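Peer 1: Note that the working numbering has the sequence shown beginning at 1, numbered continuously upward. Backbone N, C-alpha and C define an ideal beta-carbon position, used for all residues, glycine too. Computed from a predicted structure; not experimentally measured.
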Amino acid sequence: MSPAVDPIDVLDIRNGGNINPGKSLCDEVVDGLTALPKSQVVVEEGLPDILWNKSLPTVVLYQGHGIVLFEDITRDPKYYVYHEEMEILARHGSSIVEALTSGIAVDRTNYVISAKDSNNLCNVNLTLIDLGAGSLTKAESLLHSIEAANLRFSGPPKISSTYYAGPGSALQVDIQYHQLRDRLHGLLERNPSFLSGHRLPHGEHGGDGIAIRGVCGSYFDSLSRLQKGEFQCGESNMDTVPSRKCLMWLGSSVTNMEPAEAIAFLRNLATSGLQDDNMLLIGVDHCRDTDKIKAAYSETSGRWKAYVRNGIRNAGVLLGRHGAPLTAGAERWELVTRWDKENGRHMRFVRCPEKLSFSTKTGRIEIDKNEHVFVAQSFKYSPNHIKDCFNKAGLHIVNRWSLDQGDCSLYLLQRSG
Ligand SMILES: C[S@@+](CC[C@H](N)C(=O)[O-])C[C@H]1O[C@@H](n2cnc3c(N)ncnc32)[C@H](O)[C@@H]1O
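1. From residue 406 to residue 53, what distance separates their C-alpha atoms?
2. So for residue 332, helix, strand or coil by DSSP?
3. Taking only the alpha-carbon atoms, compute the straight-line gap between residue 145 and residue 97 and give it to the nearest angstrom.
4. Going by DSSP in three states, residue 39 sits in which element: helix, strand or coil?
5. Pick helix, strand or coil for residue 434, following the three-state DSSP scheme.
6. Between residue 78 and the rest of its own chain, which residues show a CB-CB distance below 6 Å, the 5 nearest in sequence each way excluded?
7. Report the rounded CA-to-CA distance for residue 387 versus residue 32, giving the unit in angstroms.
8. Assuming contact is defined by CB atoms lying nearer than 8 Å, are residue 88 and residue 408 in contact in what I supplied?
9. Between residue 68 and residue 228, what straight-line distance do the alpha-carbon atoms span, to the nearest angstrom?
10. Please state whether the Cβ-Cβ distance between residue 218 and residue 367 is less than 8 Å.
11. Less than 7 Å separating the Cβ of residue 296 from some heavy atom of ligand 1?
12. Since residue 249 contacts residue 132 with CB under 8 Å, what's their CB separation in whole angstroms?
13. Considering only C-alpha positions, which residue in the set 179, 182 and 195 is nearest to residue 143?
14. Could you have a look at residue 323 and say whether DSSP puts it in helix, strand or coil?
15. When you measure from the CB of residue 85 to every non-hydrogen atom of ligand 1, does any distance come out below 7 Å?
16. Just mark residue 357 as buried or exposed, buried being the case when its beta carbon has 16 or more other beta carbons within 10 Å.
17. Considering Cα atoms alone, identify which of 383, 307, 329 and 293 is closest to residue 283.
Written as structure tokens, this is what we have:
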């Protein structure tokens, strides 16, 4: 009997568990918790100032059960960032797909094909790469719009290690192997018309469906694969079929980074990750209504508390046996949030319930009772400010979708000339 083949396809591109280049996540945790002295301050009118300097990498919030706990947050109707983006995809999905497939240039022949043929079928190969895919619900919505757009693929079927030639394929990138695998399983079960990349034997099925693959890795792992020319649509037998790659980065995740860091990451994508007519679909929250923001990220919400406490526990787990003081006391850390008006960002901290003092392999951690540790932020950029960031990154806006009464936008970007 041949061994059972896992029907769910997750390509593991993790670089030894590092999230950022050159440093282990464990070292990032130690560095963040050993920072001294408290020199940064965040001021919100009517609330005590927070003096802080220690931090945890935001990504630890998504380790362990973090993705499940974040999904729980998205079930709260007040978490508008998720619901508005879902609504934009539902209402404008066909227009987004039209923009993704129109005027695709075939480099090698320098020939621009019109999107639709006489049967109103669009003959393309469209590859979505969904960075930080999470629950996959947004990808699922866009993939339904792609199905509804009646794309077809007339080129020879071709499957390589990361690439499937059909009208559409999607690479779902996230950091937790098992969580990603479970969500892919659910996505494929709910959508029998989607194909699991892994199930496709060479030479079969090409041309008749949308293939889905999971990719377990960080944003930077994906960037380095893109820079090496992987996740590539165009192959030698594809000369006659217009191909386009579109990176999706939704959930306003770009706003979690410091602006300079976000611009640098986008610039790297633009200059070395994307080819000329590739696209980037990116979600950005512009909200400046502080009541709405504070309700969405409420510090009294059990969902948010569970999510940040999971982050403390994960930080402890990363430190191995040294991290026991963090794992053991995680339930007693409190969530504290502030609207930093000066910098236009919402900030999340955790407050340490007791004095902690312990050694790790690489440094000694001392955290005072009631000391605040920064865990996450969301910048709320104005449309002009984010446009400026895109320009600095070498990207220009091709299109933008939002809701009439909404605060969130989906931007479709391309490399500037
Ligand atoms: C705010 S959630 C957004 C999820 C989904 N894209 C959405 O819009 O609903 C961020 C997602 O990115 C993933 N993530 C966070 N940091 C990451 C990193 N450095 N590399 C890859 N994925 C990351 C998390 O695991 C999580 O699933």
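Peer 2: Well, looking at it:
1. The count along the sequence shown starts at 1 and reaches residue 406 at position 406. The count along the sequence shown starts at 1 and reaches residue 53 at position 53. Roughly 34 Å between the two C-alpha positions.
2. Working through the sequence shown from its first residue, we reach residue 332 at position 332. Looking at residue 332 - three-state DSSP - the assignment turns out to be helix.
3. Within the sequence shown, residue 145 is the residue found at index 145, counting from 1. Within the sequence shown, residue 97 is the residue found at index 97, counting from 1. Using only the alpha carbons, I get a separation of about 7 Å.
4. As a position in the sequence shown, residue 39 is number 39, starting the count at 1. Note: residue 39 maps to coil in three-state DSSP.
5. Any property of residue 434 remains undetermined from this structure, which presents the chain solely from 1 to 417.
6. Counted from its first residue, the sequence shown places residue 78 at position 78. Excluding positions up to five away in sequence, the list reads 295 and 296.
7. Position 387 of the sequence shown, counted from the start, is the residue given in the question as residue 387. Position 32 of the sequence shown, counted from the start, is the residue given in the question as residue 32. Each residue's Cα considered, the two are about 31 Å apart.
8. As a working mapping, residue 88 is identified with position 88 in the sequence shown. As a working mapping, residue 408 is identified with position 408 in the sequence shown. Yes, the pair counts as a contact, with Cβ atoms nearer than the cut-off.
9. The residue labelled residue 68 in the question sits at position 68 within the sequence shown. The residue labelled residue 228 in the question sits at position 228 within the sequence shown. Distance between the alpha carbons of residue 68 and residue 228: 32 Å.
10. Position 218 of the sequence shown, counted from the first residue, corresponds to residue 218. Position 367 of the sequence shown, counted from the first residue, corresponds to residue 367. No, these two residues do not count as a Cβ contact at 8 Å.
11. Residue 296 sits at position 296 when you count from the first residue of the sequence shown. No; taking the cut-off as 7 Å, the Cβ of residue 296 has no heavy atom of ligand 1 nearer than that.
12. To locate residue 249, count along the sequence shown from 1; it is residue 249. To locate residue 132, count along the sequence shown from 1; it is residue 132. 7 Å between Cβ atoms; contact.
13. Here residue 143 is taken as the residue at index 143 of the sequence shown, counted from 1. Considering only alpha carbons, the answer is 195.
14. As a position in the sequence shown, residue 323 is number 323, starting the count at 1. Here residue 323 sits in helix by DSSP.
15. In the sequence shown, residue 85 corresponds to position 85, counting from 1. It does: the Cβ of residue 85 is within 7 Å (strictly closer) of some heavy atom of ligand 1.
16. Sequence index remark: in the sequence shown, residue 357 carries index 357 (1-based). Exposed: under 16 other Cβ atoms inside 10 Å.
17. Here residue 283 refers to the residue found at position 283 of the sequence shown. Out of 383, 307, 329 and 293, 383 has the C-alpha closest to the C-alpha of residue 283.
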